[in-house]
Amino acid sequence: MATILDFLLSAAGLIGAFALLLGAVVFVHEFGHFFVARICGVKVEVFSIGMGPELFGRTDRHGARWRLSAIPMGGYVRFAGDRNGASVPDVDALEAMPEAERRLTLAGQPLATRAAIVAAGPLASILAAIVVLAGLAYVYGDRILSPRVDAVVAGSPAEQAGFAPGDVVESVNGRAVASFDDIVDIVALRPGETLSVVVTRDGRPLTLVATPALTTVDTPMGPQRVGRLGLAANATSVRIVYPGPIGAIRSGFADSWRIVTATGEYLSRVVVGRSAPDQLAGPVRIAKMSGAAASLGPGAFIKLAAILSLSLGLMNLLPIPMLDGGHLLFYALEAARGRPLSRRIQDMALRLGAAAVVSLMVFVTINDIRSQLPG
């Protein structure tokens, strides 16, 4: 009985942490659309956190229905004149509208206004991530683990390459490192690749050549396959640097850029076949991560929210129909051509975009399930 109760409590905690995390991230994104639309005089009909049937909601004095929906995946803002929450215009309804009513719709706005409303969601997600990461740096400080090698694992690629305790790593493949975490991040993406590592030994620079081994490590998302050299740092050599307000802002931008470049590098390596796509996380692993982060304390949980917010903003800027970036692509083509794409072409593109998004969701969910299976 105790085991069953523990399982139910842990499952409830995991679901609760996931719902809170995803709800906050989605709210910020959708509020970006909502806020700019209100400023521009566009009528908002629905602001939904989640998809599917409404669980509960309320209607504000402007007529917008704020709702929490049954499926805790994503959310949407539906504007007047839209066919659905993906901002697809209801052409027949728009043609039948009086001019005064049509001016309140998204489709009835000038091109620049439509683009601003659509771009506001991803920009809100990205800006929120930068602000949160800056706040975390200001409150908790920046953790800097010295890039000094404390130990070399016997039989590891590092030992074979000639690393020695006391070496200070200066760069990996030409990329300067400021902390041991930088080394881990660079090496993790490059199992089986030959790396040129510059170290300082006894005050002199020395170049070593090493090939990271593919290693399975346990993470909050489950087992992951990454590159490892076999270097160990001294955990006591951590410095906590507390930046001032300006320094915290710089840190927020720097952390965001680091996440963006690492994500972009991984995805580009997946595209060219140099990294496995099985590390892409879906809802199952994100739920597991949210539970693990919540157990570590508010700082870890908030940082995970910032990372997901940044990822959501960047993903939505991809030029895929159904995503914000797809709408922006349509608007760019409209600006270049002087008229919008035909309804038939837009509908076809939206169907292809929807198929691509659903396929990606299925793929990452299968990845998640596989990652949790033994062996």
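Take the working numbering: the final residue in the sequence shown is number 369, and no numbers are missing along the way. Idealized CB from N, CA, C, for every residue including glycine. This structure is a prediction, so every number in the text was calculated from the model and none was measured.
By the DSSP assignment, the alpha helix (DSSP H) with residue i in it spans what residues?
i    : result
G293 : P292 to N310
D84  : First-last for D84: undefined, no H or E at that position.
T194 : That residue, T194, is in no alpha helix (DSSP H); its beta strand (DSSP E) goes L189 to R195.
A158 : Neither: A158 is in no alpha helix (DSSP H) and is coded neither H nor E.
T205 : Note, T205: premise wrong, no alpha helix (DSSP H); not H, not E.
S245 : P239 to V265
G319 : D318 to R331
Do residue j and residue i come within 9 angstroms of each other at the CB atom, strictly closer than that value?
i    : j    : result
F73  : V20  : no
A227 : V147 : no
I138 : R59  : no
R184 : D161 : no
P315 : L290 : no
A118 : A299 : no
G293 : Y134 : yes
A155 : V203 : yes
P334 : L323 : no
G57  : G75  : no
L246 : V125 : Checking the sequence shown, residue 246 turns out to be Gly, not Leu. Yes; because the gap between Cβ atoms is below 9 angstroms, this pair is in contact.
G186 : T205 : yes
R222 : P151 : yes
V191 : T201 : yes
A87  : R77  : yes
L189 : I296 : no
L127 : S284 : no
S305 : T257 : yes
S231 : D136 : no
N361 : A288 : no
L261 : L15  : no
What would DSSP say about residue i, mapped onto helix, strand or coil?
i     : result
L98   : coil
D76   : strand
A(-4) : Unreliable placement is indicated for A(-4), whose pLDDT of 46 sits below 50; no coordinate value is reported for it.
F21   : helix
G10   : helix
Q103  : coil
V184  : First, the amino acid is wrong: residue 184 is Arg here, not Val. DSSP places R184 in coil when its eight states are reduced to three.
V377  : The requested residue 377 does not occur in the structure, where the chain is confined to residues -5 to 369.
S336  : coil
G221  : strand
I65   : strand
P199  : strand
F1    : Since pLDDT at F1 reaches only 44, below the 50 mark, its modelled position is unreliable, and the value read off the structure follows with that caveat. It is helical.
S173  : coil
V351  : helix
I363  : helix
A109  : helix
P313  : coil
A275  : coil
G35   : coil
A281  : helix
M91   : coil
Since residue i is in the beta strand (DSSP E), which residue starts that stretch and which ends it?
i    : result
I138 : D136 to L139
P47  : V38 to T53
V232 : V232 to V235
So residue i packs on residue j, CB below 8 angstroms; how close in whole Å?
i    : j    : result
V112 : D341 : Actually they do not touch by this definition, with Cβ atoms about 18 angstroms apart.
L105 : Y325 : 6 angstroms
V30  : A114 : 4 angstroms
F50  : A281 : Their Cβ separation, rounded to whole angstroms, is 23 angstroms, which puts F50 and A281 out of contact at 8 angstroms.
R61  : V40  : 7 angstroms
G44  : G26  : About 18 angstroms separates the two Cβ atoms, so there is no contact after all.
V254 : L308 : 7 angstroms
E153 : V193 : At roughly 14 angstroms, the Cβ-Cβ gap does not stay under 8 angstroms, so E153 and V193 are not in contact.
On the DSSP bridge list, what partners appear for residue i?
i    : result
Y70  : S42
A226 : A145
V358 : Answer by DSSP bridge pairing: none, since V358 is not bridged.
S119 : Partner(s): none; S119 has no beta bridge.
R59  : V40 and T53
S165 : A170 and V192
Check whether the Cβ of residue i lies closer than 8 angstroms to any heavy atom of the ligand NAD, and answer yes or no.
i   : result
E39 : Among the ligands in the structure shown, none appear at all, so the ligand NAD cannot be discussed.
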